[in-house]
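Visitor: Before anything else, here's the structure in question.
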Amino acid sequence: MSNYILPIIIILLLIYCFVKKVNAYEHFTLGAKGSVELCINTFPYLVAIFILVELFKVSGLSVTIANFVAPVFNFIGVPKELVDFMVIRPFSGSGSIAMLKDLYVTYGPDSYISHCASVIVSATDTVFYIVAVYFSTIKIKKLKGTIPLALISCFIGSLIACFICRFI
């Protein structure tokens, strides 16, 4: 059934356009043109974020930060194994998913650490990627408190995720 959903949606859209006398092809090409412009405008920001994330990991700064905050996180109840994961999560979605896979392999998918990491992925997002994409699109340069508030939200979401996983 799921194989037919997309063709059904396309057919329904074409029928709707025919009934409303809308030139579907013209609107489709306008949308495609807009998406190309969006890609060109956001590309430099995305490249900068990807380079910075890779430098952050390769330089060892993520491990240094993780080792520095591990005692505090341990006291709160966040396993030490998740500290590096929580530091990478706001920077890189694909990097955190790769780390999640490694946590599954190392500790097993049913372990407390894997449960916490899975809920953290669901409760948080890649702050810097989102800011780079969305704010570059709408041409806002002054972010004010956006990034600090988003990072605090990710941190609180991670803590709550581990707290909830303790009781599940």
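This note's numbering numbers the first residue of the sequence shown as 47 and each following residue consecutively. Glycine is no exception: its CB is placed at the ideal position from the N, C-alpha and C atoms. Predicted, not measured: the structure shown is a model, and the values here were computed from it.
Is any beta-carbon of chain C found at less than 8 angstroms from that of Ala-94?
Guide: Reference to chain C is not applicable here, since this structure consists of a single protein chain.
Visitor: I'd like to know whether the C-beta atoms of Val-173 and Ala-196 end up nearer to each other than 8 angstroms.
Guide: Contact flag set, yes.
Visitor: Among residues of its own chain, excluding the 5 on either side of Ile-206, which ones have a beta-carbon nearer than 8 angstroms to its beta-carbon?
Guide: Cβ within range, chain order: Ala-169.
Visitor: Ends of the alpha helix (DSSP H) at Lys-147?
Guide: Note, Lys-147: alpha helix (DSSP H), 139-153.
Visitor: Hey, out of Gly-139, Pro-136 and Ala-163, whose CA is closest to Leu-149's CA?
Guide: That would be Ala-163, whose Cα lies nearest to the Cα of Leu-149.
Visitor: State the DSSP-derived secondary structure class of Val-167, mapped to helix, strand or coil.
Guide: If DSSP states are grouped into helix, strand and coil, Val-167 belongs with the helices.
Visitor: Among Gly-106, Cys-85 and Ser-157, which residue has its Cα nearest to the Cα of Tyr-180?
Guide: Of Gly-106, Cys-85 and Ser-157, the residue nearest in Cα terms is Cys-85.
Visitor: Alpha carbon to alpha carbon, how far is Cys-208 from Val-129? Give it in angstroms, no decimals.
Guide: About 12 angstroms.
Visitor: Between the region 75-89 and the region 102-122, do at least 3 Cβ pairs fall closer than 8 angstroms?
Guide: No, the region 75-89 does not touch the region 102-122.
Visitor: Should the region 99-107 be called in touch with the region 135-148, which here means at least 3 C-beta pairs below 8 angstroms?
Guide: Output reads yes: the region 135-148 touches the region 99-107.
Visitor: Kindly give me the distance between the Cβ atoms of Cys-211 and His-161, rounded to whole angstroms, as I take these residues to be in contact under 8 angstroms.
Guide: Sure, about 5 angstroms apart at Cβ, within 8 angstroms.
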